[in-house]
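*Asks:* Submitted below is the structure of interest, expressed as structure tokens.
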């Protein structure tokens with residue numbers, strides 16, 4: 012339950028940043044730049060924590076032989092972790108809880124893509140009124156009523172998008188009421 016709360020809060024914070032006027036134009040023009048910037052902000056502390064976890068596990072393997080100590084990482088494991096894809100590529104986690112950073116980044120990237128897609132539809136097909144809210148509502152509903160009910164999806168953005176989307180929608184609902 013606490014993970015879901017964190018994702019609701021994360022979605023809410025996403026909406027506070029990407030609902031302001033200064034980002035609306037940026038959303039239309041440079042979604043990959045926004046995602047790259049977020050990745051760069053996340054990756055430095057993430058890699059520092061990951062390196063520390065790998066070093067600690069190396070020292071622990073000297074004194075302990077137990078299943079809970081991760082084995083020495085392979086190159087494919089390291090690359091999957093660097094690109095925040097370890098769960099999607101079925102790589103063993105190098106540290107407990109590190110999956111949260113990866114899935115949060117995927118939720119962020121997916122949300123940027125949804126807002127960008129809505130803007131692209133509006134630009135290319137002006138007679139089709141498309142709002143980002145509709146896409147967020149649609150994917151959040153699919154996550155809650157379909158993907159979230161099947162544990163096969165629990166390593167993907169779709170499984171958790173219901174909570175993240177709820178956070179986005181809560182911000183939008185509250186900010187529209189007071190503006």
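Numbering (my numbering), first residue to last: 12 to 190.
Ideal placement from N, C-alpha and C gives every residue a C-beta, glycine not left out.
Excluding the 5 residues preceding and the 5 following residue 106 in the sequence, name in chain order all residues of the same chain whose CB lies nearer than 6 Å to its CB.
*Replies:* So the list reads 64, once near-sequence residues are dropped.
*Asks:* Quick check: is any heavy atom of the ligand ATP less than 7 Å from the C-beta of residue 87?
*Replies:* The model on display carries no ligand, and the ligand ATP is accordingly not part of it.
*Asks:* Determine the direct distance from the alpha carbon of residue 79 to that of residue 128, and round the result to whole angstroms.
*Replies:* Near 43 Å, if we compare the C-alpha coordinates of residue 79 and residue 128.
*Asks:* Does the contact criterion of 3 or more C-beta pairs under 8 Å hold for the stretch 117-124 versus the stretch 133-141?
*Replies:* Contact fails: fewer than three Cβ-Cβ distances are below 8 Å.
*Asks:* Contact defined as beta carbons within less than 8 Å: I believe residue 158 pairs with residue 164. What is the distance between those atoms, to the nearest angstrom?
*Replies:* With 8 Å as the limit, residue 158 and residue 164 qualify as a contact, their Cβ atoms being about 4 Å apart.
*Asks:* Beta-carbon separation of residue 22 and residue 148 under 8 Å?
*Replies:* Result no, Cβ atoms of residue 22 and residue 148 do not sit closer than 8 Å.
*Asks:* Whose C-beta lies closer than 6 Å to the C-beta of residue 49 among residues of the same chain, with five residues either side of it excluded?
*Replies:* Closer than 6 Å at the Cβ level, and outside the excluded window around residue 49, lie 119.
*Asks:* Among 177, 169, 167, which one has its Cα closest to the Cα of residue 144?
*Replies:* Per the Cα distances, 177.
*Asks:* At which residues does the alpha helix (DSSP H) containing residue 121 begin and terminate?
*Replies:* Taken as a continuous stretch (DSSP letters only), the alpha helix (DSSP H) holding residue 121 covers 110-135.
*Asks:* Among 85, 114, 88, which residue has its Cα nearest to the Cα of residue 15?
*Replies:* The shortest Cα separation from residue 15 among 85, 114, 88 belongs to 114.
*Asks:* Taking C-alpha atoms, which residue in 181, 122, 186 lies nearest to residue 172?
*Replies:* That would be 122, whose Cα lies nearest to the Cα of residue 172.
*Asks:* Would DSSP call residue 88 helix, strand or coil?
*Replies:* Helix at residue 88.
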